[in-house]
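Residue numbers (my numbering), protein chains in the order written: chain A, 1 to 312; chain B, 1001 to 1312; chain C, 2001 to 2312; chain D, 3001 to 3312.
Given below as structure tokens:
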């Protein structure tokens, strides 16, 4: 993609100012009371799923990439009161990359031309203290809940996992909507299943997971925009195809990230474990549900780990 | 309280084996499909609230206590591809106590006599690697969602904040239920508001918040047991009264923790910011709602930060 | 001090290019074989002293300042081989500010006008990866050893500790040299004792130590330059007077830092515990000795903790 | 080696009580004024060498082992005073395993039968707070300086590097002493060169370095004892042969560690980069020198990174 073509799309999708000059929640603004009530109404069987990977040193990030979580015990069966040595507590500390496993990219995670979502200048807002604008704490308050719609592209294609490098197109999403009998409405969160996470969750093969990801195309950003989607999440590394070498012919690396995070203000959920949920959806034919995926309000952070939960 | 009296209560409330010898979710087992459907049905206006404090170095833990979160930027507007220096990303790392702010105590957080919930021996399960049983990852999968019931004890007493050291009794909880027109049902999560968090959130006075907390009495554990509550959360430091010096006359420090975590297997939510939610509940008279408070699945951790979200 | 007056001094002391365009060791270049042999020759009684503070959470940095070291045990009496459970090891991790206690400022620690020692542009060399030029690893290899000369200004003035805010002038240093019968030679490391560290080491009063430090004046930088000193260290927070408010009338905050680190390339040793050594020097009248104070070669770091050792 | 044979040696080498019931410095007590003066006298040419590896994420520990250092910048060219925006500082934090690269094992690093050096019971002294006895801070104060004697076994054998798994015997050490014209005296620190570190420093091959190390035999501990050596250091992973599988036929894993750390109280220096020093020693025929290798006084730590410096 040439930069001038990218720029045309970017201009069309740009939501800057749409929700006020000070807005830092972007397309989460699509999630109003009506959308939330619709989310609650989609619950029909009282089944709960968690979509978060475990956070530990055996995480999906290969050595040399982001730091997998390190858990440190600061108290192990430690006595509280010497008069009662049989009564004890344990305490712990974690040290982790905020992008190490199941997570949200905040709107400050990536940008170009020195400007972030809603026109914030990078030089004004980014420092060692984090992002003074568009930090993840704004996604965290009042949180992220919505109706989730799972689009199971792997199942659509009749495979367990899409091949590495496979592009998930708008046509694929439309076909999945048709096959599954769902449509995206304003304020929904779209969840795209490629099956790619199974390289990690089933095979425990970090490198197979990390390298050569299937993912959505740039035009999917336009489709999200046109449907007033609130956010997108997927079970691969970066929602869109990676590694960046895939963009060798493009004048804009990670174009989907840029359109979503910077132009639209649309959060990206990465490395969500969608396979067990998808199996249940395939079994009962219900692909919509209440999704609660609240990031931690880590002040100034450009991302947050999350344990998304689904109630069907 | 004498140890022999404590032991009698402990014996009655002990849920060990109730959900199988391998159970590590305790009273979260009360949250079945029916309870979850009831949670969804309690949504009536599509209003969303987040109850998590911000996670940063200005957290509620005074110096010398648990470590408030430290955010480190590992990339600030860093170029991805030297051919496109205008396209950049930012990345970050957090270092934090898992009990530093709004959080869940896992069942492994405290115990006595060398044995944890469901009869796990401390010497077998606790090490520098964390808790090999009763770690927070078991609460995280499939997550924590339920109907939440807010019991606003401060409002019941006609004050903004309960005085430090005030005991919240079963009578208080009953009175709040009556006044608010709610009852606790199996699988509900009880949320007790003391107003104490306002010392931190409004006054920014860490020490006032930390010292001399109002909190629930030991008998509240029995009341939770009798109602088959799934969990309890509060807006103070430790749900029950602290500091531990309050237990000077007791032969069991932190008796409520012990009854909940060790006997019942009932998770404790601490430092939840309930005041904005409570104001809304007072305004619309609705004190029940869908609560989603999924811990991160940090393998072996004895607690997890959380950003609880409420949908009314 | 007006900026134009500062600039005149800065220009005179600027060592850029003196040891080559690629030099990153600055005045440590003064320490040649002759100076090192002189250091060894100054050993006369075989007495050893360590000048480093303990590194732990009770360090000299008050809460909210730099992070005092956190030690985490990653193994406690952990079995190596299950066949031999009686044979165990322990392991640990530290998390600490590099400027938390006894330490060296690297040449990259402070600068002005966007340029560091030897003309390195800040925008080219400073990033989240640290300092690609003038990092502490260059001071660390081949290390820092030299003849140390202790100038005991507190003793000169007949006090245990200089008053907070006291200026240590060139006249003071000359008077100490005269009284002690020493002279500074090329490649020596000058060690200035104010007694101020005793607020921390004896009184354990972090705030008294942190606030209102006695320290050297700007002209001391000129004196070091004229004597071809290799480095300076002191027993206060920042060698020069702090807090920076002391520089209220100056157009250059921390002028001594700037002259030393940026112009001369002269490392600053801070928070060295000189009092026990000084007592011994007063007793035997010997104020020169071999000093070994090797920083850790932390790649790209702007400082390093150190445990300086002295052999008299 | 059978346990009963090991026990006989252990009993003979045990220094418990030799320097008092409270001693925590072990064989460093051999370093008295005479030994230190001898160290200073060994300086003859004023040449300085640093033996520490760089501390960064490209360290010698392969992924999944100890954590290589992570450097975080907490300030990058940050303004001190808004009135003078051109004057800035930078600051940093490190997170690292204390055994990640060039380091000292403290006496508390390994033990068996529940007892550490000088009869300290593990259950009394080891906890999440570290080692309350035999912590590295006792080695750090008053530091570690001595005459160092390099025994270049690789050169003795006429190779650049000993083969993986090669045992360095007492005969080898004696032969090296003879060839080099040196003898070990009380209070010396013995430095054994295998060349193995070149797998890391030259080839940058972590796994070749980590796996299949040449190293000293158990009897070398006896030889050190008989010569009243103060410490031993080597350029391999663990001074003795590793991995532990090498001890398959032994009833005591890491027997050399146990004899040194637990019985004798003799610190072990690991992963010291001896090759450049050795080349110089070969050139000038001088294998003795002043060695300063002061650990950081990290309270309660079981090891410390170090940048050993040598003055010839």
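C-beta atoms are modelled at their ideal positions from N, C-alpha and C, and glycine is treated no differently.
Tell me the rounded alpha-carbon separation between residue i and residue j.
i: residue 1287 of chain B; j: residue 1053 of chain B; result: 21 Å
i: residue 199 of chain A; j: residue 3197 of chain D; result: 36 Å
i: residue 3168 of chain D; j: residue 2045 of chain C; result: 36 Å
i: residue 100 of chain A; j: residue 118 of chain A; result: 27 Å
i: residue 2022 of chain C; j: residue 2259 of chain C; result: 19 Å
i: residue 1113 of chain B; j: residue 276 of chain A; result: 39 Å
i: residue 1195 of chain B; j: residue 1236 of chain B; result: 8 Å
i: residue 1185 of chain B; j: residue 1087 of chain B; result: 54 Å
i: residue 1163 of chain B; j: residue 1182 of chain B; result: 25 Å
i: residue 2221 of chain C; j: residue 2297 of chain C; result: 26 Å
i: residue 1303 of chain B; j: residue 38 of chain A; result: 33 Å
i: residue 96 of chain A; j: residue 1096 of chain B; result: 9 Å
i: residue 2294 of chain C; j: residue 3254 of chain D; result: 30 Å
i: residue 189 of chain A; j: residue 1131 of chain B; result: 35 Å
i: residue 2144 of chain C; j: residue 257 of chain A; result: 48 Å
i: residue 3081 of chain D; j: residue 2110 of chain C; result: 13 Å
i: residue 2078 of chain C; j: residue 2283 of chain C; result: 48 Å
i: residue 2089 of chain C; j: residue 3031 of chain D; result: 27 Å
i: residue 2141 of chain C; j: residue 66 of chain A; result: 29 Å
At a Cβ threshold of 8 Å, is residue i touching chain B?
i: residue 2131 of chain C; result: no
i: residue 3072 of chain D; result: yes
i: residue 113 of chain A; result: yes
i: residue 24 of chain A; result: no
i: residue 84 of chain A; result: yes
Select from the options the residue whose C-alpha is nearest the C-alpha of residue i.
i: residue 2206 of chain C; options: C:2271, C:2143 and C:2309; result: C:2271
i: residue 3008 of chain D; options: D:3219, D:3291, D:3277 and D:3299; result: D:3219
i: residue 68 of chain A; options: B:1092, B:1226, B:1058 and B:1036; result: B:1092
i: residue 146 of chain A; options: A:250, A:130, A:229 and A:125; result: A:229
i: residue 3213 of chain D; options: D:3241, D:3138 and D:3190; result: D:3241
i: residue 1280 of chain B; options: B:1034, B:1047 and B:1001; result: B:1047
i: residue 3061 of chain D; options: D:3013, D:3210, D:3253 and D:3308; result: D:3210
i: residue 2006 of chain C; options: C:2312, C:2304 and C:2252; result: C:2252
i: residue 1158 of chain B; options: B:1165, B:1148, B:1193 and B:1130; result: B:1193
i: residue 3250 of chain D; options: C:2011, C:2049 and C:2084; result: C:2084
i: residue 2027 of chain C; options: C:2156, C:2080, C:2268 and C:2115; result: C:2268
i: residue 14 of chain A; options: A:103, A:217, A:226 and A:165; result: A:226
Quick one: measure Cβ to Cβ for residue i and residue j, integer angstroms, because I've assumed they're closer than 8 Å.
i: residue 107 of chain A; j: residue 310 of chain A; result: Actually they are not in contact, since the Cβ atoms of residue 107 of chain A and residue 310 of chain A sit about 24 Å apart, beyond 8 Å.
i: residue 43 of chain A; j: residue 1040 of chain B; result: 4 Å
i: residue 1151 of chain B; j: residue 1223 of chain B; result: Actually they do not touch by this definition, with Cβ atoms about 11 Å apart.
i: residue 1238 of chain B; j: residue 1215 of chain B; result: 7 Å
i: residue 139 of chain A; j: residue 262 of chain A; result: With 8 Å as the limit, residue 139 of chain A and residue 262 of chain A do not qualify as a contact, their Cβ atoms being about 15 Å apart.
i: residue 2059 of chain C; j: residue 2299 of chain C; result: Not a contact, Cβ separation roughly 24 Å.
Using a Cβ cut-off of 8 Å (strictly closer), state whether residue i contacts chain C.
i: residue 93 of chain A; result: yes
Does any CB atom of chain D fall closer than 8 Å to the CB of residue i?
i: residue 63 of chain A; result: yes
i: residue 2054 of chain C; result: yes
i: residue 2030 of chain C; result: no
i: residue 67 of chain A; result: yes
i: residue 75 of chain A; result: yes
i: residue 128 of chain A; result: yes
Would a check of beta-carbon distances place residue i closer than 8 Å to chain A?
i: residue 1271 of chain B; result: no
Relative to chain F, which residues along the region 1298-1309 of chain B have a C-beta separation below 7 Å, given in chain order?
This model lacks chain F altogether; the protein chains it does include are A, B, C and D.
**Prompt:** Fully enclosed by the region 1002-1051 of chain B, which alpha helix (DSSP H) runs are 4 residues long or longer?
**Reply:** 1003-1013 and 1033-1041
Q. Residue ranges of each beta strand (DSSP E) run of no fewer than 3 residues wholly in the region 3213-3290 of chain D, ordered along the chain?
A. 3231-3234 and 3268-3270
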